[in-house]
Amino acid sequence: IGIGAGVNGSDDSVGLGMSVTVGILKGSTLATLGAGATVNGDAGANAGANAAQAILLRAADETNAIGVAGGLALNFGGGSTFGGAASSFEVDNNVRAVAAGGNTLRAKGDITLDAAVAADVSSLAIGIAGTLATGSSSGSSGGGSGGSGGSGDSGGNFLFSGSGSVAVNLVDNQARAAIGAGSTVAA
1 IGIGAGVNGS DDSVGLGMSV TVGILKGSTL ATLGAGATVN GDAGANAGAN AAQAILLRAA
61 DETNAIGVAG GLALNFGGGS TFGGAASSFE VDNNVRAVAA GGNTLRAKGD ITLDAAVAAD
121 VSSLAIGIAG TLATGSSSGS SGGGSGGSGG SGDSGGNFLF SGSGSVAVNL VDNQARAAIG
181 AGSTVAA
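Numbered by this note's numbering, the letters in the sequence shown go through residues 1 to 187 in order.
Pasting the structure below:
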């Protein structure tokens with residue numbers, strides 16, 4: 001969460017309020033059977049195994065992130081204001097469930113290699129800017145030119161308020177489940 005605020009109260013001044021949140025989330029989740037690994041390799045010895053016997057190799061990753069950025073700029077003296085907010089996340093995860101190769105995998109039930117990746121990323125950016133000028137002009141208060149109660153002043157001051165916000169999320173997740181070459185799989 002990022003919050004920025006700026007308040008200014010003098011003439012011909014600038015109020016500035018900005019905020020930025022940035023999150024970089026990178027990771028690897030690996031479930032691996034090394035090259036040449038054997039699970040229940042002897043078919044004869046495995047013949048009496050329970051029918052529900054299974055092999056499961058699973059890798060999973062879940063990324064959850066929330067970013068909030070707010071910028072507020074106020075000027076009570078007749079100057080200009082600029083407010084802004086930015087929020088950004090980069091998510092990059094590599095998830096693998098791999099039997100490297102040359103493996104022997106035997107089971108009476110299922111043989112499953114599973115790789116799963118999920119991301120839930122939310123960003124909110126709000127920028128607010130405001131100028132309050134209660135300027136008065138010189139002259140008579142009754143009629144003709146001048147008067148009171150107008151905004152700005154007769155001196156020709158230029159008042160400006162500007163605000164902007166941006167939220168950007170980049171997600172590049174990869175999931176792979178594989179049994180390498182030269183493996184024997186019997187289920």
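From the three backbone atoms N, C-alpha and C, an ideal C-beta is built for every residue, glycine too. Since this is a predicted model, take the numbers as computed values, not measurements.
Pair within 9 Å by beta-carbon distance, residue i and residue j
{"i": "residue 79", "j": "residue 163", "result": "no"}
{"i": "residue 40", "j": "residue 120", "result": "no"}
{"i": "residue 69", "j": "residue 165", "result": "yes"}
Rounded straight-line distance, which links the Cα of residue j to that of residue i
{"i": "residue 33", "j": "residue 48", "result": "24 Å"}
{"i": "residue 74", "j": "residue 67", "result": "24 Å"}
{"i": "residue 13", "j": "residue 85", "result": "21 Å"}
{"i": "residue 99", "j": "residue 62", "result": "22 Å"}
{"i": "residue 171", "j": "residue 17", "result": "29 Å"}
{"i": "residue 148", "j": "residue 3", "result": "Because the pLDDT at residue 148 is just 29, under 50, the model does not fix this residue reliably, and the point stays unresolved."}
{"i": "residue 180", "j": "residue 102", "result": "7 Å"}
{"i": "residue 118", "j": "residue 93", "result": "9 Å"}
{"i": "residue 110", "j": "residue 50", "result": "12 Å"}
{"i": "residue 90", "j": "residue 178", "result": "27 Å"}
{"i": "residue 175", "j": "residue 72", "result": "41 Å"}
{"i": "residue 36", "j": "residue 125", "result": "52 Å"}
{"i": "residue 53", "j": "residue 104", "result": "15 Å"}
Limits of the unbroken beta strand (DSSP E) element including residue i
{"i": "residue 174", "result": "174–179"}
{"i": "residue 33", "result": "14–33"}
CA nearest to the CA of residue i, picked from the options
{"i": "residue 187", "options": "12, 46, 30", "result": "46"}
{"i": "residue 107", "options": "43, 115, 22", "result": "43"}
{"i": "residue 168", "options": "104, 21, 15, 56", "result": "21"}
{"i": "residue 9", "options": "76, 183, 59, 29", "result": "76"}
{"i": "residue 55", "options": "23, 112, 159, 15", "result": "112"}
{"i": "residue 88", "options": "25, 184, 183", "result": "25"}
In DSSP terms, what residue i is bridged to
{"i": "residue 122", "result": "66"}
{"i": "residue 116", "result": "60"}
{"i": "residue 89", "result": "23, 169"}
{"i": "residue 72", "result": "5, 128"}
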